[in-house]
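**Student:**
Numbering (UniProt numbering), first residue to last: 1 to 765.
#1: For a quick check, are the C-beta atoms of residue 115 and residue 150 less than 8 Å apart?
#2: List the DSSP bridge partners of residue 145.
#3: Quick one: what's got a C-beta closer than 8 Å to residue 293's C-beta in the same chain, skipping five residues either side?
#4: Work out the CA separation of residue 74 and residue 515 for me, nearest whole Å.
#5: Can you find at least 3 beta carbon pairs, one from the stretch 504-519 and one from the stretch 528-545, that sit closer than 8 Å?
#6: If we call anything under 8 Å between Cβ atoms a contact, is residue 595 one with residue 759?
#7: Can residue 495 and residue 414 be called in contact, C-beta distance under 8 Å?
#8: Give the secondary structure of residue 569 by DSSP, where H, G and I count as helix, E and B as strand, and everything else as coil.
#9: In or out: residue 55 buried (at least 16 other Cβ within 10 Å) or exposed?
#10: Please state whether DSSP places residue 443 in a helix, a strand or coil.
#11: Check whether the Cβ atoms of residue 507 and residue 478 lie closer than 8 Å to each other.
#12: Spell out the partners DSSP gives residue 152 in its beta bridges.
#13: Using a 10 Å radius around the Cβ and a threshold of 16 neighbouring Cβ atoms, would you call residue 218 buried or exposed?
#14: Grab the span of the beta strand (DSSP E) containing residue 404 for me, first residue to last.
#15: Exposed or buried, what is residue 660 when buried is set at 16 or more other beta-carbons lying within 10 Å of its beta-carbon?
#16: Cβ atoms of residue 174 and residue 338: under 8 Å apart, would you say?
#17: Could you check whether residue 618 and residue 570 sit closer than 8 Å to each other, using their CB atoms as the reference points?
#18: Helix, strand or coil for residue 730 per DSSP?
#19: Note down the Cα distance separating residue 164 from residue 316, rounded to an integer number of angstroms.
#20: Is it buried or exposed for residue 211, if we count other Cβ within 10 angstroms and need 16 for buried?
#21: Could you give the uninterrupted runs of the alpha helix (DSSP H) lying entirely in the stretch 298-323, keeping only those of 4 residues or more?
#22: For the beta strand (DSSP E) containing residue 238, list its first residue and its last residue.
#23: For the beta strand (DSSP E) containing residue 96, list its first residue and its last residue.
#24: Is the beta carbon of residue 119 less than 8 Å from the beta carbon of residue 48?
#25: Please go through the same chain and pick out, in chain order, the residues whose beta-carbon is closer than 7 Å to the beta-carbon of residue 558, but skip the five residues on each side of it.
#26: Three-state secondary structure (DSSP) at residue 208?
#27: Give me the residue from 674, 432, 492 with the minimum Cα distance to residue 41.
#28: Considering Cα atoms alone, identify which of 703, 716, 296 is closest to residue 766.
#29: Is residue 689 close to chain B? Criterion is C-beta to C-beta, closer than 8 Å.
#30: To the nearest angstrom, how far is it from the Cα of residue 352 to the Cα of residue 372?
#31: Helix, strand or coil for residue 233? Go by DSSP, reduced to three states.
#32: Return the first residue and the last residue of the beta strand (DSSP E) that residue 161 is part of.
#33: Tell me the rounded alpha-carbon separation between residue 108 and residue 404.
#34: Nearest to residue 766 by CA position, among 575, 597, 540, is which residue?
#35: From the DSSP output, in three-state form, read off residue 535 for me.
#36: Would you mind stating whether residue 421 and residue 396 have Cβ atoms separated by less than 8 Å?
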């Protein structure tokens, strides 16, 4: 299964970041960007990336004797890790803390389902997971340097039965089995609905010799556990040939199973979640562990109570662990579907927590309306795509997040969520303002990817966005011009939205109209006009995944972009194929003063193409440039560091602004990364003064001169940190063409051969 990532790449920098950490090569590591506030609550896991279909298990990640949390998201095939850490205030209190540095401990190719269960009785949970259309592979958890290490034990569990030889144990592509001790002998057994019809419950008992099940040998004991058959509807069952007990219309699909002793009688009862159904059905075992008996009277669709039954959007799965740190196993319920393409339900705030309030014996589950983990994250349902810009005119970058879609007023459609920056320049704080900015929900779009960029060169940020128009069944690149003057609160009207028109005849390389097109606006040819780099999955028009459309600089804005290169950079995957869902951003990533091209695609891999303007034909990526302590997920590449400014009388420069990478995830959240081992241009006071930087005339109108005492390269930045112009050749005097630049303040940085840099402001009238 291919991971489904969408991207909207943005440029953003904040001041006062922590020092880059040691490690091989330039890269990124998880760092929460800023506090995020919803109402009166500050989100504890704001930048953890959202959750859609998580499957939960526990293990000790940091070898401190505490159970930590592992989650695998079925829809996005993403791994999450959370540590159990002391909570402030009370000595005994604990809380979950997102800790992505442990995610790389797990296999990179997990799909379908992943559950941690200790099969070799060494106290360390091992990994059972889906493989080969429903078979099961197992990784043994071996402690290495105080951390778990998963070593492949088998790619295929086999079983014996009432036949000669053995066969592959297959649970199917959509069932999630219960891997638990069913008969009380201390060995892990496997229970699942049959893979062919998902109608009968099969029990595979662990027949490994000795007191532990580490041989992983199984025998099919029964193919009709409890004498029950699932019929064609939700909570619909047949008992020993009797007519179906049916409470809902017919459906098909898989099941998720969890075994718990719900009535305290010493045997295992069953919680059965079914695809296309919202309820987690309880089936009480009124017999014994060895001879289970299930009856219609023991079925309940109002578990755990009629007042607060389990209800998730679709296909519930239950997970039993101590979620609130009181020493008792609670119940967490989450959807378990493969994709939301058919169901089109809301995946916002849908994880349910039922706390166990019983001191002993049968559990007593009480609904906690606060949910579990997801309520403490930025989460816009699915397919998050962030962009940043000053929307209220206070000089601070605010955040807009587009999404793939959410069910709003019973319609599945995309919206823009607006967070206002209510902090300061060095300490941003994002407060939720609205989840339907500009009322775009009324347009019935999907896959909304916004970009804040000055399109008409008036100094004010405009809004561009790629979106799938459901009515027209086509993808369109829209724009709304900001009618407010530069420096004031943005004024957008969706009534005035326009769209970029394709130039040329069909099949001539015109603007694609493909779902999930990813725009990046940047000045590719250094002429002062923003061009368009478009990541696309389009195969109807000639070209590959990255298309370069040059801004002609004349005529109506809607006709500005003309195809210049239909295979810009010849970007390919490691296997030579075209990358899916390609997204790019341009900025000075590595701190050398030159604009770089950073790409991401459906694999989640980031690649850096240094100083891309100096490359031609096939772009060459920097080796090992973008490694992270864990696998990147829909990584939003970073902004860049603004030039460091020197203040007279200070022996050290002001702390510069460092890039942030923001990853909008399929799970509807945002991941925040900071740079590691970034080599920013040096800015030593004495060396900078020796450059004797002079910029004149200042203010300037059409041209300006950059002059230094020794040969230097210069870079011109606007105040958002965007590279406006560069000169790669070192010389003492540079002529700067200011034609087409919006009036305002710019920063000129001159860099010498020794890395020393000087910065001066330039006012363009």
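Note that the Cβ used here is the ideal one computed from N, Cα and C, for glycine as well.
**Tutor:** So, from the listed chains and residues:
#1: no
#2: In DSSP, residue 145 forms no bridge with anything.
#3: 226, 227, 285, 286, 287
#4: 23 Å
#5: yes
#6: no
#7: no
#8: helix
#9: buried
#10: helix
#11: no
#12: 139
#13: buried
#14: Run containing residue 404: none; DSSP gives neither H nor E here.
#15: buried
#16: yes
#17: yes
#18: strand
#19: 37 Å
#20: exposed
#21: none
#22: 237-239
#23: 94-98
#24: no
#25: 498, 499, 500, 501
#26: coil
#27: 432
#28: Any answer about residue 766 is impossible in this case: the structure gives the chain only from 1 up to 765.
#29: Absent from the structure is chain B; it holds one protein chain and no more.
#30: 6 Å
#31: strand
#32: 158-161
#33: 25 Å
#34: Only positions 1 to 765 of the chain appear in this structure, which leaves residue 766 out of reach.
#35: strand
#36: yes
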